[in-house]
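Below: the structure, in structure tokens.
Residue numbers (full-length UniProt numbering): 1 to 130.
Structure representation (structure tokens):
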């Protein structure tokens, strides 16, 4: 269960007098580790306003408390493949999306950009085999 968050860095840019043509949101996990009994997942949330109108970037750490077995499985999966298990990734991505949208709205307002809002339901899909 996600129990908290720390924002580490915030940045944003805007091109003067440009019209927004679209919005791309990217969420990436940078690190996953276990500190005492708390999972710490470092992420980067990026909102790019098209066509080169502006961008927002938020780097933070999600904090989660899970049972010892679940925590070990998540950390082991990260160490092995730089991924968290799919069922847990949905929880993490939803939490980062919520935080990025909420905190990004404040940054966007200062820069004169629209809020970086996308639908809150995130699901992972498996890549199609060729």
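The beta carbon of each residue, even a glycine, is placed where N, CA and C say it ideally should be.
Quiz item: Measuring CA to CA, which of 98, 33, 91, 12 is closest to residue 78?
Solution: 33
Quiz item: Hey, is the segment 64-72 in contact with the segment 7-24, meaning 3+ C-beta pairs nearer than 8 Å?
Solution: no
Quiz item: Which residue comes first and which comes last in the alpha helix (DSSP H) that contains residue 70?
Solution: 68-81
Practice problem: State the start and end residues of the unbroken alpha helix (DSSP H) segment that holds residue 124. | Solution: Residue 124 -> no alpha helix (DSSP H), and no H or E assigned at all.
Exercise. Just confirm the distance between the C-beta atoms of residue 45 and residue 100, as a whole number of angstroms; I'd bet it's less than 8 Å.
Key: 3 Å
Self-check item: Contained beta strand (DSSP E) runs [length at least 3] in the segment 13-51, N- to C-terminal order
Solution: 22-35, 38-50
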